[in-house]
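S.K.: Dropping a structure here in structure tokens format, bear with me for questions.
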Amino acid sequence: MSKVLMISTDREILNPASVVAKRMATYGEVTDELHIVVCNVGGKSQVIELTDNVWVYSTNAVSRWFYPFGAYRVAQKIVKQIKPTLITCQDPFETGLVGKWLAQKYNISLEIQIHTDITSPYFAKYSLLNQLRLLIAKSVLPQVTQIRVVSQKIKEGIIKKYNLKSDLIYILPIAVNLNPSEEIWISPFKQTILVVARLEAEKNVSLALESLKLLLKTEVDAGLVVVGAGRLEHELKNEARQLGIEDRVVWAGYQADVWPFYRAAKVLLHPAFYEGYGLVLAEAALLGLPIVSTDVGVAREVGATIISSESEIVAQALLEALKSPKASYLQSGLVVALDGYLATLKTKWR
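Per our numbering, the sequence shown starts with residue 103, numbered consecutively.
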């Protein structure tokens, strides 16, 4: 019998109506039992039954600095009750540390998931917390049974950095909807440049604003549409005002269905500092949308125009993409549909 204990920091799982929680519910198809411990701050302890074999548990830590201890406390009780056959952790950092503690104490197989490019120099530069996380990863990764990564680039990077054996690592991209909606968002701009990203520092949306200002000096009739939400929303809107381009930027916020925006765009701009896979890149490539991107995730594999983080270079690349569009494309094996995704998990989690 397969019993999986998952440790995650994605608080959306605690909302049964969320897209993430619904995705977790489908994982119940590949294992007999799935127990998900979610690190969160404050609130009341919760045990949520997503399906008849998928349960979610909150940890209610005092602060995020106590995530590992709260998760360990809750997870240890579950381990004693169900005796899981596998522990899978969302990352090699806080959740991975908890997984390592439990796996060593109770002799359980341990899987670590890596969704972002932790070998990118930008990852360490992003914050002191990330530097600490890399130290944790250095102690966690040598102890694993298997590692799931989302791209070949990440696999090659961690093999080199942590001296890992290739056969410990399997590649499973994020599942992509291969039958997207046909709706088209009505853009107020003649030519729409689209950014789909969380409004966080590592996504570098500020570069998109600076580049748009330069692009508009060429008298191109274009505007920027930003789909996504995050902590920097207020700051970025202020920056757009200071740059004098606020009337050429639409802040669309979080959207559960992004496909209508892809269909309305002339080009996708992806200015992130680092990325693991880049679901946005794969989705845009499914439609053949021209892509201008930093060298992250699967940008090269989908035929994106690769840029640096200099606004002048980005503006020029956008101008060329609007005047002479180059379609992106999907290589075989670069994406996986949900049924294939679940089939791989079923094999790896057994």
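Glycine included, each C-beta is placed from N, C-alpha and C at the ideal position.
How should S313 be labelled, buried or exposed, when 16 other C-beta atoms within 10 angstroms of its C-beta is the threshold for buried?
M.R.: Here residue 313 is taken as the residue at index 211 of the sequence shown, counted from 1. Flag for S313 reads buried.
S.K.: Report buried or exposed for N340, applying the criterion of at least 16 other Cβ atoms within 10 angstroms of its Cβ.
M.R.: Taking the sequence shown and counting its residues from 1, the one referred to as residue 340 is at position 238. So N340 ends up on the exposed side.
S.K.: Would you report the Cα separation of I216 and H336, rounded to the nearest angstrom?
M.R.: As a working note, residue 216 is residue 114 in the sequence shown. As a working note, residue 336 is residue 234 in the sequence shown. C-alpha separation (whole angstroms): 30 Å.
S.K.: Might you give, ordered along the chain, the residues of its own chain that have their beta carbon closer than 7 Å to the beta carbon of G330, omitting 5 neighbours on each side?
M.R.: Looking up residue 330 in the sequence shown gives position 228. Around G330: V298, A299, R300, L301 and Y356.
S.K.: Quick one: is T449 buried, meaning 16 or more other Cβ sit within 10 Å of its Cβ, or exposed?
M.R.: Taking the first residue of the sequence shown as 1, we reach residue 449 at position 347. Label assigned to T449: exposed.
S.K.: Taking the C-alpha atoms as reference points, what is the distance between R125 and L381?
M.R.: Counting from 1 along the sequence shown, the entry for residue 125 is found at position 23. Counting from 1 along the sequence shown, the entry for residue 381 is found at position 279. Looking at the two C-alpha atoms, the distance is approximately 15 Å.
S.K.: Taking buried to mean at least 16 other C-beta atoms within 10 Å of its own C-beta, is M103 buried or exposed?
M.R.: Translated into the one-based positions of the sequence shown, residue 103 becomes position 1. Label assigned to M103: exposed.
S.K.: With contact counted as at least three CB pairs below 8 Å, one residue from each stretch, are the stretch 145-154 and the stretch 230-248 in contact?
M.R.: Touching, no, given that fewer than three Cβ pairs across the two stretches are closer than 8 Å.
S.K.: If you draw a straight line from the alpha carbon of E474 to that of A419, how long is it in whole angstroms?
M.R.: A query on residue 474 cannot be resolved here, the shown segment of the chain reaching from 103 to 452 and no further.
S.K.: Which class does R250 belong to by DSSP, given the choice of helix, strand or coil?
M.R.: On the sequence shown, residue 250 is found 148 positions in, with the first residue counted as 1. Strand at R250.
S.K.: Within 10 Å of its beta-carbon, does V121 have 16 or more other beta-carbons around it, so buried, or fewer, so exposed?
M.R.: Within the sequence shown, the letter at position 19 stands for residue 121. Label assigned to V121: exposed.
S.K.: Would you identify the three-state DSSP class for M103, choosing helix, strand or coil?
M.R.: Counted from its first residue, the sequence shown places residue 103 at position 1. M103 falls in the coil class under three-state DSSP.
S.K.: Thinking C-alpha only, which one of A423, Y224 and L236 is nearest G198?
M.R.: In the sequence shown, the residue the question calls residue 198 occupies position 96. Looking at the Cα atoms, L236 is the closest of the given residues.
S.K.: How far does the alpha helix (DSSP H) with W201 in it extend, from its first residue to its last?
M.R.: Position 99 of the sequence shown holds residue 201. The question names Trp, but residue 201 is Gly in the sequence shown. Here the alpha helix (DSSP H) through G201 covers E196 to Y208.
S.K.: Use the C-beta contact count for D359: other C-beta atoms within 10 angstroms, 16 or more gives buried, fewer gives exposed.
M.R.: In the sequence shown, residue 359 corresponds to position 257, counting from 1. With fewer than 16 Cβ atoms within 10 Å of its Cβ, D359 is classed as exposed.
S.K.: Taking the alpha carbon of P282 as the reference point, which residue from R402, A386 and P427 has its own alpha carbon closest?
M.R.: Position 180 of the sequence shown, counting from 1, holds the residue named residue 282. Checking every option, the nearest Cα to that of P282 belongs to A386.
S.K.: G130 to A123, Cα distance in whole Å?
M.R.: On the sequence shown, residue 130 is found 28 positions in, with the first residue counted as 1. On the sequence shown, residue 123 is found 21 positions in, with the first residue counted as 1. Distance between the alpha carbons of G130 and A123: 11 Å.
S.K.: Report the residue from Y379, G399 and H372 whose alpha carbon sits nearest the alpha carbon of I393.
M.R.: Sequence index remark: in the sequence shown, residue 393 carries index 291 (1-based). Nearest option by C-alpha distance: H372.
S.K.: Tell me the DSSP bridge mates of H217?
M.R.: Here residue 217 corresponds to residue number 115 of the sequence shown, with the count starting at 1. None; H217 has no bridge partner.
S.K.: By Cβ distance, which residues of its chain are closer than 8 Å to R350, with the 5 residues on each side in sequence left out?
M.R.: The residue given as residue 350 occupies position 248 in the sequence shown. Closer than 8 Å at Cβ, skipping near neighbours: F291, L314, L318, A324, G325 and L326.
S.K.: Does the distance from the C-beta atom of L444 to that of V158 stay below 7 Å?
M.R.: Here residue 444 is taken as the residue at index 342 of the sequence shown, counted from 1. Here residue 158 is taken as the residue at index 56 of the sequence shown, counted from 1. In this structure, V158 does not lie closer than 7 Å to L444 by Cβ.
S.K.: For S413, which residues in the same chain have their Cβ closer than 7 Å to its Cβ, ignoring the five residues on either side in sequence?
M.R.: Position 311 of the sequence shown, counted from the start, is the residue given in the question as residue 413. L309, E312, S313 and L316.
S.K.: Consult DSSP for Q418 and reduce its assignment to one of helix, strand or coil.
M.R.: Locating residue 418 in the sequence shown gives position 316, counting from the first residue. Helix, per DSSP.
S.K.: Can you look up W353 in the DSSP assignment and give me helix, strand or coil?
M.R.: What you label residue 353 is simply residue 251 of the sequence shown in a count that begins at 1. Strand, per DSSP.
S.K.: In angstroms with no decimal places, state the Cα-to-Cα distance between Q52 and F168.
M.R.: Nothing can be reported for residue 52, as the shown portion of the chain is limited to 103 through 452.
S.K.: Output needed for P362: all residues of its chain with C-beta closer than 7 Å, excluding positions within five of it in sequence on either side, in chain order.
M.R.: Translated into positions along the sequence shown, residue 362 becomes position 260. Answer for P362: S283, E285, I286 and W287, listed in chain order.
S.K.: Need the endpoints of the beta strand (DSSP E) that W287 sits in, please.
M.R.: One-based indexing of the sequence shown puts residue 287 at position 185. No beta strand (DSSP E) holds W287; DSSP gives it neither H nor E.
S.K.: Count the other CB atoms, across all protein chains shown, that sit within 10 Å of the CB of P186; report buried if there are 16 or more and exposed otherwise.
M.R.: In the sequence shown, counting from the first residue as 1, residue 186 sits at position 84. P186 is buried by the Cβ-count criterion.
S.K.: What ranges does the alpha helix (DSSP H) occupy inside the stretch 354-386, keeping only unbroken runs of at least 4 residues that lie completely in it?
M.R.: If we require 4 residues or more, the alpha helix (DSSP H) runs fully inside the stretch 354-386 come out as 361-366.
S.K.: Determine whether the beta carbon atoms of I109 and V139 lie at a separation below 7 Å.
M.R.: Looking up residue 109 in the sequence shown gives position 7. Looking up residue 139 in the sequence shown gives position 37. Against a cut-off of 7 Å, the Cβ pair of V139 and I109 comes out as a contact.
S.K.: Residues in its own chain within less than 8 Å of S411 by CB, not counting five upstream and five downstream?
M.R.: Stepping through the sequence shown from its first residue, residue 411 is reached at position 309. Counting only Cβ-Cβ distances below 8 Å, and skipping sequence neighbours, we find N306, L309, P373, F375 and T396.
S.K.: Would you grab the beta carbon distance between S174 and V200 for me? Rounded to a whole angstrom, and I think it's under 8 Å.
M.R.: In the sequence shown, residue 174 corresponds to position 72, counting from 1. In the sequence shown, residue 200 corresponds to position 98, counting from 1. A small fix is needed here, since residue 174 is Tyr in this sequence, not Ser. Right, their Cβ atoms sit about 5 Å apart.
S.K.: According to DSSP, is I276 part of a helix, a strand, or is it coil?
M.R.: In the sequence shown, residue 276 corresponds to position 174, counting from 1. I276 falls in the coil class under three-state DSSP.
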